[in-house]
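S.K.: Chains as they are written, first to last, in my numbering: chain A, 282 to 442; chain B, 8 to 427.
Think of the CB as a built atom: it goes at the ideal place given N, C-alpha and C, for glycine as much as any other residue.
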Amino acid sequence: MKNLVSVCIVIAMASLALAYGWASLWLGSGLTIAAGLLWLAGERLTWPGWPDLGLVALLAVAGVGMTQALPAGWLLGSNVVTLVAWDLAHFERRLNVEHPILEEARLWQAHLRQLAGVVGLGLLLGWLALSFETAFGLVWAIGLGLLAIMGLGRLIRAVRS
Amino acid sequence: MSRRLLLSLIIYGLVLAGLATLNRGLLVLAIPLVVYLAAALLDRPETIQLQASRSLSENLLHPNQPVEVTLTVTNAGRSLAEVVLTDEPPAGTSVIKGEIGLVAALPAGTTVMWRYTIAGGRGSYRFTGLQAAIRDRLGMFTIKGLVAAPGQFLVLPEIIRLRRVEIRPRQTRVYSGQIPARQGGAGVEFFGVREYQPGDPLRWVNAAASARYPDSLFITEFEQERVADVGLILDARHQSDARGAAGSLFEHAIRATASLADTFLSAGNRVGLFIYGAYLDWTLPGYGKVQRQRILQALARAELGEGQVFETLEHLPTRLFPAHSQLVLVSPLLKEDPDMLIRLRAHGYRLLVISPNPVSFERKGMGSGREVDLAMRLAYLERSILLDKLRQADIRVVDWPVDTPFVEAAHATLSRFRRL
Numbered sequence: 282m283k284n285l286v287s288v289c290i291v292i293a294m295a296s297l298a299l300a301y302g303w304a305s306l307w308l309g310s311g312l313t314i315a316a317g318l319l320w321l322a323g324e325r326l327t328w329p330g331w332p333d334l335g336l337v338a339l340l341a342v343a344g345v346g347m348t349q350a351l352p353a354g355w356l357l358g359s360n361v362v363t364l365v366a367w368d369l370a371h372f373e374r375r376l377n378v379e380h381p382i383l384e385e386a387r388l389w390q391a392h393l394r395q396l397a398g399v400v401g402l403g404l405l406l407g408w409l410a411l412s413f414e415t416a417f418g419l420v421w422a423i424g425l426g427l428l429a430i431m432g433l434g435r436l437i438r439a440v441r442s
Numbered sequence: 008m009s010r011r012l013l014l015s016l017i018i019y020g021l022v023l024a025g026l027a028t029l030n031r032g033l034l035v036l037a038i039p040l041v042v043y044l045a046a047a048l049l050d051r052p053e054t055i056q057l058q059a060s061r062s063l064s065e066n067l068l069h070p071n072q073p074v075e076v077t078l079t080v081t082n083a084g085r086s087l088a089e090v091v092l093t094d095e096p097p098a099g100t101s102v103i104k105g106e107i108g109l110v111a112a113l114p115a116g117t118t119v120m121w122r123y124t125i126a127g128g129r130g131s132y133r134f135t136g137l138q139a140a141i142r143d144r145l146g147m148f149t150i151k152g153l154v155a156a157p158g159q160f161l162v163l164p165e166i167i168r169l170r171r172v173e174i175r176p177r178q179t180r181v182y183s184g185q186i187p188a189r190q191g192g193a194g195v196e197f198f199g200v201r202e203y204q205p206g207d208p209l210r211w212v213n214a215a216a217s218a219r220y221p222d223s224l225f226i227t228e229f230e231q232e233r234v235a236d237v238g239l240i241l242d243a244r245h246q247s248d249a250r251g252a253a254g255s256l257f258e259h260a261i262r263a264t265a266s267l268a269d270t271f272l273s274a275g276n277r278v279g280l281f282i283y284g285a286y287l288d289w290t291l292p293g294y295g296k297v298q299r300q301r302i303l304q305a306l307a308r309a310e311l312g313e314g315q316v317f318e319t320l321e322h323l324p325t326r327l328f329p330a331h332s333q334l335v336l337v338s339p340l341l342k343e344d345p346d347m348l349i350r351l352r353a354h355g356y357r358l359l360v361i362s363p364n365p366v367s368f369e370r371k372g373m374g375s376g377r378e379v380d381l382a383m384r385l386a387y388l389e390r391s392i393l394l395d396k397l398r399q400a401d402i403r404v405v406d407w408p409v410d411t412p413f414v415e416a417a418h419a420t421l422s423r424f425r426r427l
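#1: Sort out for me which residues DSSP pairs B/Q159 with in a bridge.
#2: So B/L169 is in the beta strand (DSSP E); what residue range does that whole segment cover?
#3: Taking the Cβ atom as the reference point for each residue, do B/Y36 and B/L21 lie within a distance shorter than 8 Å?
#4: On the CB-based measure, 16 or more other CB atoms within 10 Å of its CB, does B/V379 come out buried or exposed?
#5: Fully enclosed by the segment 253–284 of chain B, which alpha helix (DSSP H) runs are 4 residues long or longer?
#6: Rank B/S60, B/H354 and B/R122 by C-alpha distance to the C-alpha of B/A155 and give the top, closest one.
#7: Assess, as a yes-or-no matter, whether the segment 135–145 of chain B is touched by the segment 306–315 of chain B under the definition of 3 or more beta carbon pairs within less than 8 Å.
#8: Classify B/P292 as buried or exposed, calling it buried when 16 or more other Cβ atoms lie within 10 Å of its own Cβ.
#9: Taking beta-carbon pairs under 8 Å, can you tell me which members of the segment 26–38 of chain B lie near chain A?
#10: So which residues of chain A does B/L21 contact, with C-beta pairs closer than 8 Å?
#11: What are the residues that DSSP puts in a beta bridge with B/Y123?
#12: Below 8 Å on C-beta distance, what does A/P352 contact in chain B?
#13: Would you list, in chain order, the members of the segment 37–60 of chain B that have their beta-carbon closer than 7 Å to a beta-carbon of chain A?
#14: Indicate whether at least one CB of chain B lies closer than 8 Å to the CB of A/G360.
#15: Give a yes or no on whether the C-beta atoms belonging to B/I6 and B/V90 are separated by under 8 Å.
#16: Give the secondary structure of B/N82 by DSSP, where H, G and I count as helix, E and B as strand, and everything else as coil.
#17: Strictly under 8 Å for the Cβ-Cβ distance: is B/V76 near chain A by that measure?
#18: So that I know if they touch, is there some Cβ in chain A lying closer than 8 Å to that of B/R85?
#19: Quick check on the DSSP output: the alpha helix (DSSP H) that includes B/L33 runs from which residue to which?
#20: How is B/D94 classed by DSSP in three states: helix, strand or coil?
#21: Does the Cβ of B/S223 have 16 or more other Cβ atoms within 10 Å, making it buried, or fewer, making it exposed?
#22: Starting from the Cα of B/G295, find the closest Cα among B/V278, B/S255 and B/H259 and give me that residue.
#23: For A/G424, count the other beta carbons within 10 Å of its own beta carbon; 16 or more makes it buried, fewer makes it exposed. Which is it?
#24: Using CA atoms only, rank isn't needed, just tell me which of B/A305, B/S247 and B/L381 is closest to B/L320.
#25: Would the beta-carbon of B/I240 fall within 8 Å of that of B/V181?
#26: Quick check on B/R426: does DSSP put it in helix, strand or coil?
#27: Anything in chain B within Cβ reach of A/T348, meaning under 9 Å, just list it in chain order.
#28: Is there contact here, the segment 394–403 of chain B with the segment 348–364 of chain B, by at least three beta-carbon pairs under 8 Å?
#29: Which residues of chain B have a Cβ atom closer than 9 Å to the Cβ of A/V400, listed in chain order?
#30: Mind listing the chain A neighbours of B/N88? Cutoff is C-beta to C-beta under 9 Å, in chain order.
#31: Could you please tell me which residues of the segment 310–342 of chain A, in chain order, have their CB closer than 8 Å to any CB of chain B?
#32: Report all residues from its chain with a CB closer than 6 Å to the CB of B/T179; omit the five preceding and five following residues, and keep chain order.
#33: Counting only Cβ pairs nearer than 7 Å, list the residues of chain A close to B/G146.
#34: Chain A partners of B/E106, CB-CB under 9 Å?
#35: Ends of the alpha helix (DSSP H) at B/V409?
#36: Cβ atoms of A/W367 and A/L334: under 8 Å apart, would you say?
Put into structure tokens, the structure is as follows:
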């Protein structure tokens, strides 16, 4: 299962690097590969906190890529694979630290099923959002902004509790 | 940082960046993360609906005898994706075999069972329950709680078999035993000579005495041997204990008390136990194996205690002990104790004091030096004076340095009764 995490990291890194390379933004490619390799090393050596750093790094690279008008579909795809890698890295660490596992295969199957469903839905909604042509105007911005503020309030309450 | 918080911050970062730059692509990048968080939120566990039960292979054990703990947990609620169950072995025990917890997925109505083995020293051990941590399928939300699974086991103190402990209380009971009863009849020890009465066994005829008086016949009387009442008193006062590198003096006292109880009960005597500490713990006198178990269980539960009322032996409830019976006190002794003990002796009780030596016990943990040596000499002198005071009051005292096995100290001093 460690290999599954590494494979996901490599796919995310490769797709982002290719997207940057397609737009001849070699600095971006280099940074993506560096971030991906560091995350891989962190996984091999089980450094604490590396999955979170890897997620932030690759998502940040994808975000910057979006502002550089790189292929949105590729960036979305790499985003999803990065999320999968982060989730599986944490899942594996949780299981290794705790007690013996009863029916480990069943645990993994249940987790992978749930993850596949969530990721699939996220990818579908993202693809629909990309396909939905509309002007992102002030009304949309205000509406989303209000949603963001309400959500932020709930988040702060949850963190405090 | 928790994963929920990290993901929320990333989502907000992307949304705010998207709003600030009016870039729809950044908002689209946040969608899979939002779906992930929403799925975890919908799947989050709310209450712990687990039922646990525990069984132990033994409830009464000897020191360091292993006990196997079997735990059974049933999911009485909805399916659980990830459950981490961790038992809490009582303090003072160590796990010898197996694991105290496990991780499992528990569909609704299913049961898991696992075992592990622990061992511990003398004492009473209680289990309250096990810790359960339940997570959603993505591991974002966790609820924790205690699932009740009570259990208890007692580790009895070690018993050292003693050969014989001679006691001579003034009063004995009616059943035959090993204690001279100060009455003539069937026995082993010579008691006296009296005139023959019809019905006396002819083998008791004393030929030498009868030869002097041709007209009369005399027989030899033997001293009857009977059982007696023995009251064991264990000093559990905190202030009388001494602690060293080898542990506590109290544990030695408990082992000695258990051994004495076993010896007296094996000889057929009626034995009661009184633990004098923070509170009074009284095991009613009895005979035989059942009483032995009662006393051992009381000793297994014994703990040092501190209480202002029972600081000295003044409040020892003597009415619990039959008049003129044998009392055996196991105590390191404090300066104020001799007065009460002498008073008990004056009331007719026969007293035997087994005193684990606190001075030699603490000496081992101290360094060397002139001051230490001087202090030790003074402590030894004080103790000698205290013990001599008791001996002068016709109280038998066994000064026991606990690095000597109790069986040796007991055999040297207690195997024969010597009148002081």
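M.R.: So, to answer that:
#1: B/R133
#2: Unbroken run through B/L169: none, as it is neither H nor E.
#3: Note that residue 36 of chain B is Leu in the sequence shown, not Tyr. A contact, by the Cβ cut-off of 8 Å.
#4: exposed
#5: 256–273
#6: B/S60
#7: no
#8: buried
#9: L26, T28, L29, N30, R31, G32, L33, L34, V35, L36 and I38
#10: L340 and G344
#11: B/V76 and B/G105
#12: Within chain B, no residue comes near A/P352; the closest Cβ sits about 10 Å away, beyond 8 Å.
#13: I38, P39, L40, V42, Y43 and A46
#14: Before going on, a small fix: residue 360 of chain A reads as Asn here, not Gly. Yes, its Cβ sits closer than 8 Å to a Cβ of chain B.
#15: Outside the modelled stretch of chain B, which goes from 8 to 427, sits residue 6 of chain B, for which no answer is possible.
#16: strand
#17: no
#18: no
#19: R31 to L49
#20: strand
#21: exposed
#22: B/V278
#23: exposed
#24: B/S247
#25: no
#26: With a pLDDT of 49 at B/R426, under the threshold of 50, the modelled position of this residue cannot be trusted; read the value that follows with caution. Reduced to three states, the DSSP call for B/R426 is coil.
#27: A24, T28, N30, G32 and L33
#28: yes
#29: P39, V42 and Y43
#30: First, the amino acid is wrong: residue 88 of chain B is Ala here, not Asn. In chain order: L388, A391, H392 and Q395.
#31: D333, L336, V337 and L340
#32: I186, A188, R233 and A235
#33: H371, F372 and R375
#34: H380 and P381
#35: Per DSSP, B/V409 belongs to no alpha helix (DSSP H) and is neither H nor E.
#36: no
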